[in-house]
Amino acid sequence: MPEDLSLAPAGALPRLAPAGALPLCASAELEEAGKACVFDVMLWRRPARAFALRFEGRVVAYMNRCAHVPTEMDWQPGEFLDADRRFILCSMHGAVYEPTSGQCIAGPCAGERLMAIDVVESGGQVYWYPSPDIGPVVFDGPV
Ligand code: FES
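Residue numbering for the sequence shown follows my numbering, beginning at 440 and increasing consecutively.
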């Protein structure tokens, strides 16, 4: 996991992203066991969605793609946690995932896991790291 790369006190210097990381949202937007930040990515060069949420103080991020059937899991946009705010729960068939590991602990895909995305917090901002499989959305403009 990348380390916190805070560069300077707020206001002293422009905020710089850690090398290779892309801005996602302000840290303050992710409340403990609260609503997730949903964001667009390219998974294997196809448009897809991912999400980040804060659990036990740490920001975690995964593809919004159930390990059972590759479908989005949120109940409402950005709502992934169960009623007790303890587990990620797929809205389709009820797979239960452990938030800090993405491991499915109950349901039709028990033993499998969500696709994780590396994230880091720095200077009050959350950043995510692209990988060979998961990249940023690139908009093709007019030539
Ligand atoms: S699609 Fe998620 S449990 Fe079936």
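Heads up, the beta-carbon is just placed ideally off N, CA and C, and yes, glycines get one too. Remember, it's a predicted structure, so these values are computed and weren't measured experimentally.
| Asked | Found |
| --- | --- |
| Beta strand (DSSP E) segment containing ARG567, residue limits | A quick correction: the sequence has Trp, not Arg, at residue 567. Segment 564-567, the beta strand (DSSP E) holding TRP567. |
| Between the CA atoms of LEU469 and CYS476 - distance to the nearest angstrom | 7 Å |
| At least three beta-carbon pairs within less than 8 Å, the region 470-490 to the region 512-521 | yes |
| Residue nearest to ALA460 in terms of C-alpha spacing, selected from ARG485, PRO581, ASP572, TYR568 | TYR568 |
| For the ligand FES, residues whose Cβ lies under 7 Å from any non-hydrogen atom | CYS505, HIS507, VAL508, THR510, MET512, CYS529, MET531, HIS532, GLY533, ALA534, GLY546, PRO547, CYS548 |
| Outcome for GLY541 when other beta-carbon atoms lying within 10 angstroms are tallied against a minimum of 16 | buried |
| Per-residue DSSP class, three states only, for ALA467 | helix |
| Completely contained alpha helix (DSSP H) runs for the region 468-504, where each covers 4 or more residues | none |
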